[in-house]
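The structure appears right after this line, and notes come after that.
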Amino acid sequence: MMDKLFEQEIQKQSVFLDSNKISPHYIPNELPYREKELKSIIQILAPALSGKKPGNLFIYGKTGLGKTAISRQVVEKLLEYAKKYNSKIDSVYTNCHIHNTQYRVLINSLNKKGFKDLTGYASSHLYEKLLSYVDSDGKTLIIILDEIDKVKDINELIYLLTRSNDELEKGHVSLIGISNNVMFKEKLDPRSKSTLCEKEMVFAPYNAKQIQEILNQRVKIGFKENSVSDSAINLVAALAASENGDIRYSLNLLLKGGELADNAGDNQVTDEHINTARKIVEEDIVLSLIDTLPEYQQLVLFTIAKLAELGENNKNLLGETIDTWISGEVYKHYTELSKQFGKETRSARWFREYLKDLEMTGLITTTMSGAGQRGTTQLIKLAFPADKILNVMKKQYDL
DNA sequence: CCTCCACAGGAAGCGCAGGAGT
DNA sequence: ACTCCTGCGCTTCCTGTGGAGG
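Counted the way my numbering counts, the first sequence spans residues 1166 to 1564.
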């Protein structure tokens, strides 16, 4: 019985040749339309080959534009060359979304370099360990900090890591910081800012045509021939273009679309699959955004979503749907709802901080009021359809 | 023009948790 | 085990801002 099920699964036809190659985590050998960026990073890091300290680099750009892929690729190539020419270069990659403090970044870096059982040590001790690791043979250590904006004590971390260059007898430490948060740079200490942003680079979005080309390449290696209709690829490219040229998003669409086709037993991915995939992927995005939110922010979001739901049957005098509220109004409803759920009500001041946080996650958008409204107040609007948010929240918390 | 309203957001301070030092 | 310190989440208080309304 079980054997039969496995047999069936194996023999099931698939549109995929190798679904791993469609995964956003897969780094292809060639990254089209990034030659310029590739060249600049190589130029910045190249001094390491002759034992000089490469400049620190800050890379900024929206999600899914190849920041991580390019940096990792360049560093990998650099290590190959270093071997060939006998230069001592080493690198360590840390995703700060997971390792989001100075301490955790240090632990992670040392772990990856083969140091074990480090928990319990003070961070000064970890720092010493890292220093001696670099100093032992005078290597150049390139530290890649992805999603660097997620580190809580980022100023201290930057200071610590760059200060190490003064204390090292031989060898250097060089930083590559990657972020998709525009505001991040402005929140840095002026001192950290000038160190980290010694060299700076901005990744521009791909346009629809470039996305199409990139997707075609991936489809060729990830899908069987003719398993994705041309119009489906066009649709994915168009959708991604409207999402700031986010390749990761488009790959997720293709991956989901392929799975949907497989499940339905279809031998080609069509527009229909992509449209369904889009709904699923979007819901996943909303879910993951909401999921990481603290409880009290979720309640605020829920309040706004509830208002939006009501607002759909609530037209203003011009017959337009009401989809924007002033913060005082939302706060009133929030206090009512929190009583209803038996939660403590936060002060209006802190409520405003919640709004700011929600805006940071991109779940809501706010604008300052102008004429037609007394004084200055925030006008609050959901960034996603209310039913989508409510659906996700209902599933999660059976509200 | 002046006052009032409705809010924004800074500053101070408070209780608490979790480390570091002793 | 104990104090001390620090950061965090939050409240309270306060000043500032700009349109509405007299």
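Just so you know, even glycine gets a beta-carbon here, dropped at the ideal spot from N, CA and C.
If you compare the alpha carbons of I1309, W1490, S1329, Y1258 with that of S1297, the shortest gap goes to S1329. According to the DSSP assignment, S1396 belongs to the alpha helix (DSSP H) that extends over 1395-1407. Between L1416 and R1383, the C-beta gap is smaller than 8 angstroms, which places the two residues in contact.
Of all alpha-carbon atoms in M1167, D1168, V1180, the one lying nearest the alpha-carbon of G1430 is that of V1180. Two segments are said to touch when three or more pairs of C-beta atoms, one from each, lie closer than 8 angstroms; by this definition the region 1340-1360 does not touch the region 1372-1388.
For the pair R1517 and S1534, the CB atoms are not nearer than the 8 angstroms cut-off. In the DSSP assignment, F1516 falls within the alpha helix (DSSP H) that extends over 1513-1526.
Below 8 angstroms, enough C-beta pairs join the region 1437-1455 and the region 1411-1428 to call them touching: three or more. Judged by DSSP secondary structure, N1260 falls outside any alpha helix (DSSP H) and instead within the beta strand (DSSP E) spanning 1254-1260. Listed as beta-bridge partners of D1311 by DSSP are N1260.
The Cβ atoms of L1306 and V1257 lie closer than 8 angstroms to each other. Excluding sequence positions up to five before and after I1207, its CB lies within less than 7 angstroms of the CB of V1239, all in the same chain and listed in chain order.
Under a 10 Å Cβ-count criterion, N1372 is classified as exposed, with fewer than 16 other Cβ atoms of the shown protein chains found around its own Cβ. From the listed residues Y1198, F1506, L1418, N1221, the smallest Cα separation to S1188 is found for L1418. The region 1444-1464 makes no contact with the region 1184-1199, as fewer than three CB pairs between them are under 8 angstroms. Across the structure, I1445 and S1339 are spaced so that their CA atoms are roughly 41 angstroms apart. Looking only at I1386, K1227, L1243, the smallest Cα-Cα distance to D1314 is reached by K1227. Just so you know, the alpha carbons of K1553 and A1470 end up roughly 9 angstroms apart.
Per DSSP, reduced to three states, the secondary structure at G1342 is strand.
By DSSP's assignment, F1467 forms no beta bridge with any residue.
A buried status is given to E1312, since no fewer than 16 other beta-carbon atoms sit within 10 Å of its beta-carbon. According to the DSSP assignment, I1491 belongs to the beta strand (DSSP E) that extends over 1489-1491. V1316 carries a coil assignment under DSSP once its states are collapsed to helix, strand and coil.
In the assembly as shown, W1515 is an exposed residue. Its beta-carbon has fewer than 16 other beta-carbons within 10 Å.
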